[in-house]
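Visitor: Take a look at this one; I'll ask things after.
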Amino acid sequence: MSVAGLKKQFHKATQKVSEKVGGAEGTKLDDDFKEMEKKVDTTSRAVLDIMTKTTEYLQPNPASRARLSMINTMSKMRGQDKGLCYPQAEAVLSEAMLRFGRELGEESGFGLALLDAGESMRELGEVKDALDINVKQNFIDPLQNLHDKDLKEIQHHLKKMEGRRLDFDYKKKRQGKVTEDEIKQALEKFDESKEVAEQSMFNLLENDIEQVSQLAALVQAQVEYHQQAAEILQQLSSKMEERIKETSNKPRKEFIAKPRLELHLPSENHNGGINSARSPARSPAPLDQPCCRALYDFEPENEGELGFKEGDIITLTNLIDDNWYEGMINGQSGFFPINYVDILVPLPH
Numbered sequence: 001m002s003v004a005g006l007k008k009q010f011h012k013a014t015q016k017v018s019e020k021v022g023g024a025e026g027t028k029l030d031d032d033f034k035e036m037e038k039k040v041d042t043t044s045r046a047v048l049d050i051m052t053k054t055t056e057y058l059q060p061n062p063a064s065r066a067r068l069s070m071i072n073t074m075s076k077m078r079g080q081d082k083g084l085c086y087p088q089a090e091a092v093l094s095e096a097m098l099r100f101g102r103e104l105g106e107e108s109g110f111g112l113a114l115l116d117a118g119e120s121m122r123e124l125g126e127v128k129d130a131l132d133i134n135v136k137q138n139f140i141d142p143l144q145n146l147h148d149k150d151l152k153e154i155q156h157h158l159k160k161m162e163g164r165r166l167d168f169d170y171k172k173k174r175q176g177k178v179t180e181d182e183i184k185q186a187l188e189k190f191d192e193s194k195e196v197a198e199q200s201m202f203n204l205l206e207n208d209i210e211q212v213s214q215l216a217a218l219v220q221a222q223v224e225y226h227q228q229a230a231e232i233l234q235q236l237s238s239k240m241e242e243r244i245k246e247t248s249n250k251p252r253k254e255f256i257a258k259p260r261l262e263l264h265l266p267s268e269n270h271n272g273g274i275n276s277a278r279s280p281a282r283s284p285a286p287l288d289q290p291c292c293r294a295l296y297d298f299e300p301e302n303e304g305e306l307g308f309k310e311g312d313i314i315t316l317t318n319l320i321d322d323n324w325y326e327g328m329i330n331g332q333s334g335f336f337p338i339n340y341v342d343i344l345v346p347l348p349h
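Numbering-wise, the sequence shown is residues 1 to 349 according to the UniProt record's numbering.
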């Protein structure tokens, strides 16, 4: 920055301090300008808050949101531009229903009903994914663009106007020490910036039809989702009625009791004890490097996660964030939640 630029910044800072601390009065803006500025500020805060709340509405599980964000971030860091979808509750329920339905088999009425319900839940999960994509493209992304472009540009104009206003007031207060031409030039620059800021705010507020249209797109996306979901559930309800009829009309089998087992006690050894085989205890892993012990079983749900069993010793390699570690076991590496393990040797700070 040039000497003249530094001098101007010093003058602005001096004027600002004199207004904040000394009670000096600066040039007042008209009421219409202040009202527009207030509405733009409210719009900016509304856009940020509604984007956040919409994401929470579509993806209500904060742990799943954090996991998805972490995995996608790590994928980008590794050059794997493979975005993962939010694990919809319907899809998770579908997996459980289909798994147990297959285990029970076609001879089980409950098993067949689980397969029907699981397939419908899978379809509901796909419809929910489509809702997420639709809302992001037609509601969240346009709002993000509004915040990053139009609102940011307005804030730039307002900041520039305020700087020129401070410069004008500083020079006006020093009339006599500052030439009349300098004061006049400062006023012209202030008026010019004020007009630009006023015009940009006016355009935003007058063209809010775009925001109304985006909100309408959010509502329409939900209407389509609920219509499709209702159709899927109606079809499933009809299938359940058929399963009830089939199960009710199915011939009942008679229970035939099997002969009871005879009791055979094991022989005692010479020391008065009973012969038994003990399974060898798991040998502990060396504790000469950062490691932890698994408190529970962890089944990976997404690419990049590390699975393990309760009691396993896992070598720690990195702390991803407050909720996730990166580690290795049996030659495999990946991420796992912190609350699933007990730290034996912590990572170095």
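C-beta atoms are modelled at their ideal positions from N, C-alpha and C, and glycine is treated no differently.
What residue range does the alpha helix (DSSP H) around V47 cover?
Guide: Your numbering for residue 47 matches position 47 in the sequence shown. Its alpha helix (DSSP H) spans residues D31 to L58.
Visitor: What would DSSP say about D342, mapped onto helix, strand or coil?
Guide: Along the sequence shown, read from residue 1 onward, the residue named residue 342 stands at position 342. Strand, per DSSP.
Visitor: Using DSSP with H/G/I as helix, E/B as strand and the rest coil, what is N318?
Guide: If you number the sequence shown from 1, residue 318 lands on position 318. Strand, per DSSP.
Visitor: With which residues is I313 paired in a DSSP beta bridge?
Guide: Numbered from its first residue, the sequence shown carries residue 313 at position 313. Answer is R293.
Visitor: How do the stretch 156–169 and the stretch 190–199 stand: do at least 3 beta-carbon pairs fall below 8 Å, yes or no?
Guide: Touching, yes, given that three or more Cβ pairs across the two stretches are closer than 8 Å.
Visitor: Less than 9 Å between the beta carbons of V219 and R293, yes or no?
Guide: Taking the sequence shown and counting its residues from 1, the one referred to as residue 219 is at position 219. Taking the sequence shown and counting its residues from 1, the one referred to as residue 293 is at position 293. Cβ atoms of V219 and R293: not closer than 9 Å.
Visitor: Please confirm if the stretch 221–229 is in contact with the stretch 127–146, defined as three or more CB-CB distances below 8 Å between the two stretches.
Guide: In short, these stretches touch, since the Cβ pair count reaches three.
Visitor: Assign Q88 to one of three DSSP states: helix, strand, or coil.
Guide: Walking along the sequence shown from the start, residue 88 turns up at place 88. Reduced to three states, the DSSP call for Q88 is coil.
Visitor: Report the rounded CA-to-CA distance for G334 versus A130, giving the unit in angstroms.
Guide: Within the sequence shown, the letter at position 334 stands for residue 334. Within the sequence shown, the letter at position 130 stands for residue 130. About 29 Å.
Visitor: Taking 9 Å as the threshold (C-beta atoms), are L295 and L336 in contact?
Guide: Residue mapping note: residue 336 aligns to position 336 of the sequence shown, counting from 1. Residue mapping note: residue 295 aligns to position 295 of the sequence shown, counting from 1. It should be pointed out that residue 336 corresponds to Phe in this sequence rather than to Leu. No, these two residues do not count as a Cβ contact at 9 Å.
Visitor: Taking all protein chains shown into account, do 16 or more other C-beta atoms lie within 10 angstroms of the C-beta of L204, making it buried, or fewer, making it exposed?
Guide: Looking up residue 204 in the sequence shown gives position 204. It counts as buried.
Visitor: Tell whether a beta-carbon distance below 9 Å holds between I232 and S120.
Guide: Taking the sequence shown and counting its residues from 1, the one referred to as residue 232 is at position 232. Taking the sequence shown and counting its residues from 1, the one referred to as residue 120 is at position 120. Contact flag set, yes.
Visitor: May I have the straight-line CA-CA distance separating G109 from E242, to the nearest angstrom?
Guide: Counting from one through the sequence shown, the residue named residue 109 turns up at place 109. Counting from one through the sequence shown, the residue named residue 242 turns up at place 242. Each residue's Cα considered, the two are about 11 Å apart.
Visitor: Using only the alpha-carbon positions, how far apart do V212 and Y86 sit?
Guide: For the purposes of this step, residue 212 is taken as residue 212 along the sequence shown, with counting starting at 1. For the purposes of this step, residue 86 is taken as residue 86 along the sequence shown, with counting starting at 1. Whole-angstrom Cα-Cα distance: 27 Å.
Visitor: Rounded to the nearest angstrom, how far is the Cβ of K171 from that of E182, given a contact under 8 Å?
Guide: Counted from its first residue, the sequence shown places residue 171 at position 171. Counted from its first residue, the sequence shown places residue 182 at position 182. With a Cβ gap of about 6 Å, K171 and E182 count as contacting.
Visitor: What does the alpha-carbon distance come out to for the pair Q289 and V92?
Guide: Along the sequence shown, read from residue 1 onward, the residue named residue 289 stands at position 289. Along the sequence shown, read from residue 1 onward, the residue named residue 92 stands at position 92. Straight-line Cα distance between these residues: approximately 37 Å.
Visitor: Which same chain residues, not among the five before or five after P300, have their C-beta less than 6 Å away from its C-beta?
Guide: Walking along the sequence shown from the start, residue 300 turns up at place 300. Cβ neighbours of P300 beyond the five flanking positions: G307.
Visitor: Residue range of the alpha helix (DSSP H) that residue 383 falls in?
Guide: An answer regarding residue 383 cannot be provided, because it is not within the stretch 1 to 349 covered by the chain.
Visitor: Closest to N145 by CA distance: which of S44, L29 and L287 is it?
Guide: Within the sequence shown, numbered from 1, the residue matching residue 145 stands at position 145. Selected option, being the one with the closest Cα: S44.
Visitor: Please work out which residues of its chain come closer than 8 Å, Cβ to Cβ, to A216, disregarding the five sequence neighbours upstream and downstream, and give them in chain order.
Guide: Counted from its first residue, the sequence shown places residue 216 at position 216. For A216, where only same-chain residues beyond five positions count, there are no Cβ hits under 8 Å.
Visitor: For L287, which residues from the same chain have a beta carbon less than 7 Å from its beta carbon, with the 5 sequence-adjacent residues on both sides left out?
Guide: On the sequence shown, position 287 is the one that residue 287 refers to. Within the same chain, L287 has close Cβ partners L344 and V345.
Visitor: Between the beta-carbon of G118 and the beta-carbon of G105, is there less than 9 Å?
Guide: Stepping through the sequence shown from its first residue, residue 118 is reached at position 118. Stepping through the sequence shown from its first residue, residue 105 is reached at position 105. No, the pair does not count as a contact, with Cβ atoms beyond the cut-off.
Visitor: Excluding the 5 residues flanking V178 on each side, which residues of the same chain have their C-beta closer than 6 Å to its C-beta?
Guide: On the sequence shown, residue 178 is found 178 positions in, with the first residue counted as 1. If we look at V178 and ignore the five residues flanking it on each side, its Cβ neighbours are K171.
Visitor: Measuring straight from C-alpha to C-alpha, what distance separates N235 and G111?
Guide: Here residue 235 is taken as the residue at index 235 of the sequence shown, counted from 1. Here residue 111 is taken as the residue at index 111 of the sequence shown, counted from 1. Inspection of the sequence shows that residue 235 is occupied by Gln rather than by Asn. The alpha-carbon atoms of Q235 and G111 are separated by roughly 18 Å.
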